[in-house]
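Chemist: Please see the structure below; I have some questions.
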Amino acid sequence: MAAKPFFIVSSGRSGTAMLHKVLSGIDGVEMHHEYAVQIIQPLAVRRYLGLADTAETDRVLDDTYGAALRYSEQHCWGDSSNKLSWLIPDLAALFPDARFVHLVRDGRKVTGSYFRKLGAECYDDRSNAILQAFYDDPANTPAPPPEKKYWWPVPRKDAADAQAFRLFDQFERIAWHWAEINRVILDALSKLPEHRKVFVRLEDLRSSPDTLKELLHFLNLGYRDAHFAMFQRPHNVNRPQDTLLSPRERDAFDRIAGTMMTRLGYAERGEYVVNY
Numbered sequence: 010m011a012a013k014p015f016f017i018v019s020s021g022r023s024g025t026a027m028l029h030k031v032l033s034g035i036d037g038v039e040m041h042h043e044y045a046v047q048i049i050q051p052l053a054v055r056r057y058l059g060l061a062d063t064a065e066t067d068r069v070l071d072d073t074y075g076a077a078l079r080y081s082e083q084h085c086w087g088d089s090s091n092k093l094s095w096l097i098p099d100l101a102a103l104f105p106d107a108r109f110v111h112l113v114r115d116g117r118k119v120t121g122s123y124f125r126k127l128g129a130e131c132y133d134d135r136s137n138a139i140l141q142a143f144y145d146d147p148a149n150t151p152a153p154p155p156e157k158k159y160w161w162p163v164p165r166k167d168a169a170d171a172q173a174f175r176l177f178d179q180f181e182r183i184a185w186h187w188a189e190i191n192r193v194i195l196d197a198l199s200k201l202p203e204h205r206k207v208f209v210r211l212e213d214l215r216s217s218p219d220t221l222k223e224l225l226h227f228l229n230l231g232y233r234d235a236h237f238a239m240f241q242r243p244h245n246v247n248r249p250q251d252t253l254l255s256p257r258e259r260d261a262f263d264r265i266a267g268t269m270m271t272r273l274g275y276a277e278r279g280e281y282v283v284n285y
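Using the working numbering, you'd call the opening residue of the sequence shown number 10 and step up by one each time.
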C-alpha cells in the first residue's frame with residue numbers, strides 16, 4: 010500500500026527546512042525538503058505561466074511523487090517545498106488523500122532573508138531576464154537549464170502588474186513573489202475541504218507548543234516536547250545574521266505586498282529581528 014502524502018507549501022524562507030527536520034525524526038514518516046527540485050521547480054513555473062498542460066503535469070508528478078509514494082517503506086510521506094505551491098490543484102487531484110499545510114512567515118522577514126542570504130539564486134537580474142525572455146517567446150527562445158536561479162515566476166501576461174514587474178529591482182521581485190505565491194496558495198486551498206488543509210504561522214510554531222501540537226494532530230502524528238524545542242533555534246541559515254528592512258525597502262515592500270500582509274494577519278505586527 011502506498012504511503013499517505015502530505016505537502017507543506019509556502020513562499021520558502023518560512024521554516025520549511027525546520028519543519029522538515031522536526032518531521033524527519035518522527036517514526037513512520039519519510040520526509041523530504043524540495044524533493045526532485047530540478048524537475049519540480051521548472052514544471053511548477055511552467056505550469057503557473059500556462060506553458061505546461063494538465064497531461065504533462067500529471068505525468069511528471071506521477072513519475073516523481075507517485076513513484077516515491079508507491080515505493081516508500083513508511084506510513085506517511087511528506088515534502089516541504091515552496092515549489093509545490095504552484096501545483097496544489099494538480100497534487101490535490103492526483104493524490105485525493107493528500108493533506109496540505111500552508112506555512113507562512115512575515116513577508117518582511119522572508120523578503121529580507123531571500124535578498125540578503127540567497128540573492129545569487131533568487132531573482133537576480135540576469136536569470137530573471139532569461140526566464141522572462143523564454144516566457145515572452147517560448148517557441149523561439151530556448152528554455153533555461155533546470156538550475157534554481159532561473160526558475161522563479163514572473164507575472165502572467167494578462168496580470169495587472171505584468172508591465173510594472175519588468176521595471177522591478179531584485180528586492181521588489183522577491184517581495185512580489187512572497188505576495189503572489191501566498192495568493193496562489195490561498196486561492197487553491199480555498200477550493201479544498203477543511204479536513205485537507207491547515208494554516209499555520211512560523212512565528213506561532215516558535216512561540217506556542219499548542220500550535221505545533223495542532224499541526225501534528227492534523228497530520229495524525231504524535232507530539233513530544235523535543236519537537237517544540239527544535240523551533241527555538243533557526244535552521245537552514247547560511248548567514249547567521251538578521252537586520253530590519255531599510256526605509257526604502259520597507260516602502261517598496263508595503264507598496265507591493267501590503268495587501269497580502271493584511272490578509273495573512275501581519276499588518277499590525279511590528280517587524281522583528283531573529284536572534285541566532
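All C-beta atoms in this analysis are idealised placements derived from N, C-alpha and C, irrespective of residue type, glycine included.
So is H226 in contact with chain D if we call contact Cβ pairs under 8 Å?
Modeler: This model lacks chain D altogether, as it is built from one protein chain only.
Chemist: Quick one: grab the DSSP three-state call for T268.
Modeler: Walking along the sequence shown from the start, residue 268 turns up at place 259. Three-state DSSP puts T268 in a helix.
Chemist: Please name the residue or residues paired with D88 in a DSSP beta bridge.
Modeler: One-based indexing of the sequence shown puts residue 88 at position 79. Beta-bridge pairing links D88 to F16 and H41.
Chemist: Using 10 angstroms around the beta-carbon of R108, count the other beta-carbons present and answer buried if the total reaches 16, otherwise exposed.
Modeler: Numbered from 1 along the sequence shown, position 99 holds the residue referred to as residue 108. Classification for R108: buried.
Chemist: For D251 and R278, what's the separation of their Cα atoms in angstroms?
Modeler: In the sequence shown, residue 251 corresponds to position 242, counting from 1. In the sequence shown, residue 278 corresponds to position 269, counting from 1. Whole-angstrom Cα-Cα distance: 18 Å.
Chemist: In whole angstroms, what is the alpha-carbon distance linking A53 and K166?
Modeler: Against the sequence shown, residue 53 aligns to sequence position 44. Against the sequence shown, residue 166 aligns to sequence position 157. Using only the alpha carbons, I get a separation of about 17 Å.
Chemist: So L28 and S94 are in contact, right, with Cβ under 8 Å, and what is the actual spacing, rounded?
Modeler: Counting from one through the sequence shown, the residue named residue 28 turns up at place 19. Counting from one through the sequence shown, the residue named residue 94 turns up at place 85. Not confirmed; about 15 Å, so no contact.
Chemist: Grouping DSSP H, G and I as helix and E and B as strand, with all else coil, what is K166?
Modeler: For the purposes of this step, residue 166 is taken as residue 157 along the sequence shown, with counting starting at 1. In the structure shown, K166 sits in coil (DSSP, three-state: anything other than H, G, I, E or B).
Chemist: Where do the ends of the alpha helix (DSSP H) carrying K118 lie?
Modeler: In the sequence shown, counting from the first residue as 1, residue 118 sits at position 109. G116 to K126 is the span of the alpha helix (DSSP H), which, as asked, contains K118.
Chemist: D36: buried (16+ other C-beta within 10 angstroms of its C-beta) or exposed?
Modeler: Taking the first residue of the sequence shown as position 1, residue 36 is located at position 27. By the neighbour-count rule (16 or more Cβ atoms within 10 Å), D36 is not buried but exposed.
Chemist: Looking at C-alpha atoms only, which residue of P164, G34 and I49 is the closest neighbour of T66?
Modeler: Stepping through the sequence shown from its first residue, residue 66 is reached at position 57. Measuring from the Cα of T66, the nearest candidate turns out to be I49.
Chemist: Tell me which residues share the same chain as V110 and place their Cβ nearer than 6 Å to its Cβ, disregarding the 5 neighbours each side in the sequence.
Modeler: Working through the sequence shown from its first residue, we reach residue 110 at position 101. Answer for V110: I17 and V207, listed in chain order.
Chemist: Could you tell me which residues DSSP pairs with L112 in its beta bridges?
Modeler: In the sequence shown, residue 112 corresponds to position 103, counting from 1. Its beta-bridge partners are V209.
Chemist: Compare the Cα-Cα distances from V193 to each of Y57, E43 and P202 and report the closest residue.
Modeler: One-based indexing of the sequence shown puts residue 193 at position 184. Out of Y57, E43 and P202, Y57 has the C-alpha closest to the C-alpha of V193.
Chemist: Can you give the Cα-Cα distance for F174 and E156, rounded to whole angstroms?
Modeler: Stepping through the sequence shown from its first residue, residue 174 is reached at position 165. Stepping through the sequence shown from its first residue, residue 156 is reached at position 147. Their Cα atoms are separated by approximately 22 Å.
Chemist: Taking 8 Å as the cut-off, decide whether the C-beta atoms of S136 and N91 are in contact.
Modeler: Locating residue 136 in the sequence shown gives position 127, where the first residue counts as 1. Locating residue 91 in the sequence shown gives position 82, where the first residue counts as 1. The answer is no: Cβ separation not under 8 Å.
Chemist: According to DSSP, is W95 part of a helix, a strand, or is it coil?
Modeler: The count along the sequence shown starts at 1 and reaches residue 95 at position 86. Three-state result, W95: helix.
Chemist: Along the alpha helix (DSSP H) that carries Q83, what are the first and last residues, could you check?
Modeler: Locating residue 83 in the sequence shown gives position 74, where the first residue counts as 1. Counting along the chain, Q83 falls outside any alpha helix (DSSP H), and DSSP gives it neither H nor E.
Chemist: Just checking my contact of L221 with L214 at CB under 8 Å: how many whole Å lie between their CB atoms?
Modeler: Residue 221 sits at position 212 when you count from the first residue of the sequence shown. Residue 214 sits at position 205 when you count from the first residue of the sequence shown. With 8 Å as the limit, L221 and L214 qualify as a contact, their Cβ atoms being about 6 Å apart.
Chemist: Write down the C-beta distance between I183 and Y132 rounded to the nearest angstrom, noting that I regard them as a contact closer than 8 Å.
Modeler: To locate residue 183, count along the sequence shown from 1; it is residue 174. To locate residue 132, count along the sequence shown from 1; it is residue 123. 5 Å between Cβ atoms; contact.
Chemist: So is G34 buried or exposed if we call it buried at 16+ other beta carbons inside 10 Å?
Modeler: Reading the sequence shown from its first residue, position 25 is the one you call residue 34. So G34 ends up on the exposed side.
Chemist: Please state the DSSP three-state secondary structure of G75.
Modeler: If you number the sequence shown from 1, residue 75 lands on position 66. G75: helix per DSSP, three-state reduction.
Chemist: Can you say whether E82 is buried or exposed, counting buried as having 16 or more other CB atoms within 10 angstroms of its CB?
Modeler: Within the sequence shown, residue 82 is the residue found at index 73, counting from 1. Exposed.
Chemist: Identify whether V283 lies in helix, strand or coil by the three-state DSSP scheme.
Modeler: In the sequence shown, residue 283 corresponds to position 274, counting from 1. Here V283 sits in coil by DSSP.
Chemist: Rounded C-beta distance between V283 and L211? I'm assuming under 8 Å.
Modeler: Translated into the one-based positions of the sequence shown, residue 283 becomes position 274. Translated into the one-based positions of the sequence shown, residue 211 becomes position 202. Going by Cβ atoms, the distance from V283 to L211 rounds to 11 Å, so no, they are not a contact pair.
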